[in-house]
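Residue numbers (the working numbering): -4 to 320.
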């Protein structure tokens, strides 16, 4: 009698193990069917998600069993089902998030168990799905003007693919829409560090942002000097730098810098124009100040006018030289 009981127990264990292994096989079959029917454009989204959910259910059972939960394919197929659902249902943020959690956990487990690399391709499929689902979620959120979610998703995408300049750029744009200038600057700087084609335009935007929004002339100067080193032929950076010195009241520094540059390239008209601007911009400031002087204060008005005219006269030779060159 004991032998019969023991035999029954053993038979039961074997049948469960076989049953759970069959769940893995069922998951594989379900994935194969989905590859054929689920990829068809005519198949409704609900039907596709239903198919993926059914496949995922097979992996639920497989990973619940002590025997089959150590099979890497149980996890790799689980990752593919969940990541595909997240990618297809990106517009449903709540469901997509839940599926992404399942997928990322399954990917990690599959990598741990797949010591022979047999599931490498399936894991790659799941990873690509996850990356694309996160990117798409960011775009959906951005289009809904949910810039905070968009920013978080784009940043998440950069963690997955640290060399994807488009996601750093998107994150920066989303942050800019939130008036989150520190993070805008952070993300745009990352784009620049990866030598993206937008780098030159981003330098200009960062410089403007540092000056107008952050009121940080030190940071702006650092950016200008960095940009000038990369794009030495762009005179706008030199113009911005000299203007900062002028605005700081350090006209001497501005003159010194431009005179040094002009001495190295005496036939460069840009430096002559900028030297003229040093005096012309000061004259404009005096003109603004003069306009605010009470009409009764004639002497003060005349004194400011004299200084203003003197600065204008100083600027003229540089402008003339620039024209001659």
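The beta carbon of each residue, even a glycine, is placed where N, CA and C say it ideally should be.
Could you check the C-alpha separation between residue i and residue j for me, to the nearest Å?
i           : j           : result
residue 116 : residue 182 : 32 Å
residue 300 : residue 317 : 26 Å
residue 47  : residue 20  : 15 Å
residue 356 : residue 91  : The structure shown has nothing for residue 356, since the chain only spans -4 to 320.
residue 203 : residue 196 : 11 Å
residue 310 : residue 269 : 9 Å
residue 58  : residue 70  : 8 Å
residue 206 : residue 176 : 11 Å
residue 60  : residue 75  : 20 Å
residue 132 : residue 85  : 6 Å
residue 217 : residue 168 : 22 Å
residue 314 : residue 286 : 26 Å
residue 264 : residue 144 : 49 Å
residue 220 : residue 232 : 8 Å
residue 66  : residue 139 : 41 Å
residue 137 : residue 179 : 15 Å
residue 288 : residue 297 : 10 Å
residue 106 : residue 97  : 14 Å
residue 109 : residue 199 : 48 Å
residue 155 : residue 104 : 17 Å
residue 230 : residue 237 : 11 Å
residue 25  : residue 226 : 56 Å
residue 284 : residue 242 : 15 Å
residue 120 : residue 23  : 14 Å
residue 174 : residue 259 : 42 Å
residue 304 : residue 193 : 43 Å
residue 323 : residue 114 : The structure shown does not extend to residue 323, since the chain is modelled only from -4 to 320, so the question has no answer here.
residue 295 : residue 170 : 49 Å
residue 64  : residue 34  : 28 Å
residue 201 : residue 62  : 57 Å
residue 290 : residue 228 : 47 Å
Can you list, in chain order, the residues of its chain whose CB lies under 8 Å from that of residue i, leaving out five sequence neighbours each side?
i           : result
residue 240 : 246, 248, 249 and 252
residue 36  : none
residue 234 : 269 and 272
residue 267 : 257, 313, 314, 316, 317 and 320
residue 336 : Nothing in the structure corresponds to residue 336, since the chain is present only between -4 and 320.
residue 40  : 83 and 84
residue 49  : 25
Excluding the 5 residues preceding and the 5 following residue i in the sequence, name in chain order all residues of the same chain whose CB lies nearer than 6 Å to its CB.
i           : result
residue 151 : 129
residue 162 : 149, 152 and 153
residue 332 : Beyond the ends of the chain as shown, which are -4 and 320, falls residue 332; an answer cannot be given.
residue 160 : 186, 189 and 191
residue 82  : 124, 127 and 128
residue 348 : Because the chain in this structure spans residues -4 to 320, residue 348 falls outside the shown range and cannot be described.
residue 18  : 53, 56 and 57
What residue from the options has the CA that sits closest to residue i's CA?
i           : options               : result
residue 100 : 77, 292 and 293       : 77
residue 164 : 139, 84, 190 and 56   : 190
residue 184 : 260, 114, 103 and 214 : 214
residue 274 : 28, 308 and 17        : 308
residue 52  : 83, 235 and 94        : 94
residue 306 : 282, 216, 30 and 133  : 282
residue 279 : 266, 82, 263 and 302  : 302
residue 157 : 131, 126 and 136      : 126
residue 102 : 84, 87, 83 and 79     : 79
residue 88  : 134, 120 and 68       : 134
residue 68  : 41, 112 and 137       : 112
residue 72  : 290, 208, 234 and 27  : 27
residue 272 : 262, 254, 259 and 260 : 254
residue 44  : 29, 54, 56 and 55     : 29
residue 262 : 230, 292, 319 and 209 : 319
residue 244 : 260, 276 and 49       : 276
Might you give, ordered along the chain, the residues of its own chain that have their beta carbon closer than 7 Å to the beta carbon of residue i, omitting 5 neighbours on each side?
i           : result
residue 172 : 142
residue 209 : 176
residue 38  : 32
residue 122 : 102
residue 293 : none
Any alpha helix (DSSP H) of 4 or more consecutive residues that is wholly inside the region 161 to 198 = 176 to 188
Could I get the ranges of all uninterrupted alpha helix (DSSP H) runs contained in the region 62 to 121, with 4 residues as the minimum, in chain order?
-> 67 to 83 and 88 to 108
In chain order, which alpha helix (DSSP H) runs of at least 4 residues are fully inside the region 208 to 264?
-> 212 to 225, 230 to 242 and 246 to 259
Inside the region 8 to 60 only - alpha helix (DSSP H) runs reaching at least 4 residues = 40 to 58
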